[in-house]
Amino acid sequence: PNLAHALGYVGSIPPTFLEKPKYAKYQPGDFLGITGLESYYEPQLMGRRGVQYRMVNVRGIEKGAFRGGEFDTLSVAGQDLHLSIDSELQAYGELLMQNKRGSIVALDPKTGEILAFVSSPAFEPATLSGKGMGNRYMALLQDTAKPLFNRPLMATYPPGSVFKLVNELVALQMGVVTPTTGFPCNQKLVRCTHRHEYPNHVGIAIKQSCNPYFYQVMRAAVMRGRSANRFEDARLGLGEWRRQVMNFGLGEKLGVDLLQEKKGLIPSPDFYDKRNGYHRWNYRTVYSLSIGQGEIGITGLQMANLLATIANRGYYYTPHFVRSVGQSGPLPQFRERHTVGVDPQHFEAIIPGMQSVVDGRGGTGNNASLLEFGISVAGKTGTVQNPHGDDHATFAAFAPAEDPKIAIAVFIENAGFGGTSAAP
Numbered sequence: 017p018n019l020a021h022a023l024g025y026v027g028s029i030p031p032t033f034l035e036k037p038k039y040a041k042y043q044p045g046d047f048l049g050i051t052g053l054e055s056y057y058e059p060q061l062m063g064r065r066g067v068q069y070r071m072v073n074v075r076g077i078e079k080g081a082f083r084g085g086e087f088d089t090l091s092v093a094g095q096d097l098h099l100s101i102d103s104e105l106q107a108y109g110e111l112l113m114q115n116k117r118g119s120i121v122a123l124d125p126k127t128g129e130i131l132a133f134v135s136s137p138a139f140e141p142a143t144l145s146g147k148g149m150g151n152r153y154m155a156l157l158q159d160t161a162k163p164l165f166n167r168p169l170m171a172t173y174p175p176g177s178v179f180k181l182v183n184e185l186v187a188l189q190m191g192v193v194t195p196t197t198g199f200p201c202n203q204k205l206v207r208c209t210h211r212h213e214y215p216n217h218v219g220i221a222i223k224q225s226c227n228p229y230f231y232q233v234m235r236a237a238v239m240r241g242r243s244a245n246r247f248e249d250a251r252l253g254l255g256e257w258r259r260q261v262m263n264f265g266l267g268e269k270l271g272v273d274l275l276q277e278k279k280g281l282i283p284s285p286d287f288y289d290k291r292n293g294y295h296r297w298n299y300r301t302v303y304s305l306s307i308g309q310g311e312i313g314i315t316g317l318q319m320a321n322l323l324a325t326i327a328n329r330g331y332y333y334t335p336h337f338v339r340s341v342g343q344s345g346p347l348p349q350f351r352e353r354h355t356v357g358v359d360p361q362h363f364e365a366i367i368p369g370m371q372s373v374v375d376g377r378g379g380t381g382n383n384a385s386l387l388e389f390g391i392s393v394a395g396k397t398g399t400v401q402n403p404h405g406d407d408h409a410t411f412a413a414f415a416p417a418e419d420p421k422i423a424i425a426v427f428i429e430n431a432g433f434g435g436t437s438a439a440p
C-alpha cells in the first residue's frame, strides 16, 4: 500500500510503441513498465524470449528441429530489483504526512540509497491495476489535491534558510570569509526574524539564522571588485557563484533512477539580463538568493542530497532506489562519487552551528532533537515565503552528526514555521 510514486505500474504495450525500433522485441499483448521504477528498469525486468526454429513441410506438418536446433535460444528471466527503501520508515513517513501537502526524502549518505520517499497526498498502488483501472486513473488525474503529482521529484520550492549553508560553504571556499568572520545584524539590509546575540562567527549565524549576516556573506562572494562597473561586477560575481552552487547538484537533474525529475533553478546572469535588461541589475536585485528566497527553486530530493553532501564533508552519490539489480549491485552510474569542489574543513566549520540549531538551547530545530537517545542531529530549519498563501515549512538534517547514517529533507506546504511543523 506504500511507495506509489516510485514503484510505478505496468500496462499493455500501446500499438504505437510497436512501430518503434526500441520496442522491436515486444509483441502485441505484452506488458511493459509505464511509469516509475517499472519503467526505468524495463530493460532489466523484461528478460528475453526463447526462440525455437522448427521445420515444416508444404502442408505445414512439423518435421523436427531446424538443423538440429543449433539456432534455438533459451528464454532468460528478467532480473529482480532489490530496493533500498526501509518499508517501516516509508509507512511511518506516509502516516506523518497524512492530510498534508509536501514531501519527505531520506537517504543513506554513504551510498546515496533512498531510504524513504514520501509524496503527499498519495494513493494506493493497487488503484492502478486490475479491472476498471482506467476509470480510477482518470479520477486520480482529476482530483484537485493532485495525488499523482510526484512532489519530491517534480515540485520546486525556494529552499529558504537551509540554502544559507550552501552560501556559507561557497564563500568559505572562495576565501572571502572565514569561520570567525562576523557581520552585524544590520536590518537596513534585510529584515531579521528575531533579536539575537551578535553573530561574530558562523556558528552563531547558523544557529540564529541571521538574515543580514548571510546577506553580507553572499555579497562578499559576488561583489569581488572584478570590474569598476558595479553592474558588471555583480554579473561576473553571480556567474562564478552559480557555477560553485551547481556543483552541489542544484539547478540540474541529479539522475535518480526515476523519470520526470525536474532540475529546479539556480538563476544565471543571463536570467536577470533577460528579465531586467543588460547592466540594469546589481546585487540589491538578487540579494534574496542569499537567504534562499527569490527566483531559486530546488526539489525535495535535491535538498536531501545537499544534506547528504554536507554529512559526507563534500561529496555525494547519485540518489537511487535500487540497491542491486539481481546480484550485481546498483547500475554503474550510482557507484560514482561526485565531489562538489569545497574543502572538507569548510564543512567541519559549519556542522557545529547545525548541531546547535537542533541540540542547542533555544535552537529553531529543538523539536527534532534526539539527545535523550544519545544521538546528535545536525540540521537547519527554514520558513519559505510564499506569495500565493501561507509560508512553506522546511527542515533538513543528518544524524548522527559524527558518523551520519541518514540525511533527510522535509517540505510541508503552507505549514508556517519550519521549526514547529517540519522539524518534529
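With my numbering applied, the sequence shown corresponds to residues 17 to 440, in that order.
The C-beta atom is built at its ideal place from N, Cα and C for all residues, glycine as well.
Just verifying my parser: in three-state terms, what is the DSSP assignment at residue i?
i       : result
Leu-90  : coil
Leu-266 : coil
Ser-28  : strand
Phe-389 : helix
Phe-427 : strand
Gly-345 : coil
Val-182 : helix
Ile-307 : helix
His-21  : helix
Thr-380 : coil
Ala-394 : strand
Thr-301 : helix
Thr-436 : helix
Among the options, whose alpha-carbon lies nearest the alpha-carbon of residue i?
i       : options                               : result
Ile-101 : Leu-123, Gly-84 and Val-92            : Leu-123
Thr-89  : Gln-68, Leu-105, Ala-107 and Asn-73   : Gln-68
Ser-91  : Met-62, Ala-439 and Arg-117           : Met-62
Gln-318 : Ala-107, Phe-179 and Phe-199          : Phe-179
Gly-66  : Tyr-331, Met-170 and Gly-94           : Gly-94
Ala-236 : Pro-168, Asn-292 and Glu-184          : Glu-184
Gly-405 : Gly-432, Leu-157, Ala-415 and Asn-383 : Gly-432
Pro-174 : Val-341, Gly-84 and Ser-306           : Ser-306
Pro-44  : Lys-79, Gln-60, Gly-27 and Tyr-57     : Gly-27
In or out: residue i buried (at least 16 other Cβ within 10 Å) or exposed?
i       : result
Thr-266 : The displayed chain sequence assigns Leu, not Thr, to residue 266. By the neighbour-count rule (16 or more Cβ atoms within 10 Å), Leu-266 is buried.
Asn-245 : exposed
Tyr-294 : exposed
Leu-275 : exposed
Gln-251 : In the sequence on display, residue 251 carries Arg and not Gln. Arg-251 comes out buried.
Asn-402 : exposed
Val-272 : buried
Phe-363 : buried
Handout entry: Runs of beta strand (DSSP E) wholly within the segment 50-79 (minimum 3 residues, chain order)
Key = 70-72
Practice task
Go through the segment 78-147 residue by residue and report every complete run of the beta strand (DSSP E) that reaches 3 residues or more, in order.
Solution key: 78-81, 97-99, 118-124 and 129-136
Handout entry: Cβ contact check for the segment 348-361 and the segment 385-393: 3 or more pairs under 8 Å
Key = no
Exercise for the section: Pick out the complete alpha helix (DSSP H) segments inside the segment 168-221, 4 residues or longer, and give them in chain order. Expected result: 180-190
Practice task
Can you check the segment 241-293 for any alpha helix (DSSP H) of at least 4 residues that lies completely inside it and give the ranges in chain order?
Solution key: 246-262 and 285-292
Problem - Every unbroken beta strand (DSSP E) within the segment 314-372, with a cutoff of 3 residues, ordered by chain - result: 331-333, 338-341 and 353-355
Practice task
Mind the definition here: the segment 121-137 touches the segment 418-428 only if three or more C-beta pairs lie below 8 Å; say whether that holds.
Solution key: yes
Handout entry: Three or more C-beta pairs below 8 Å linking the segment 132-143 and the segment 104-119
Key = yes
Exercise for the section: Indicate whether the contact test is met: 3 or more Cβ pairs, each with one atom in the segment 240-256 and one in the segment 96-113, closer than 8 Å. Expected result: no
Exercise for the section: State whether the segment 160-167 contacts the segment 361-377, with contact taken as three or more CB pairs (one from each stretch) at a distance under 8 Å. Expected result: no
Problem - Validate contact between the segment 202-212 and the segment 225-240 using beta carbons, cut 8 Å, 3 pairs - result: yes
Exercise for the section: Could you tell me whether the segment 45-59 touches the segment 329-349, where touching means 3 or more Cβ pairs closer than 8 Å? Expected result: yes
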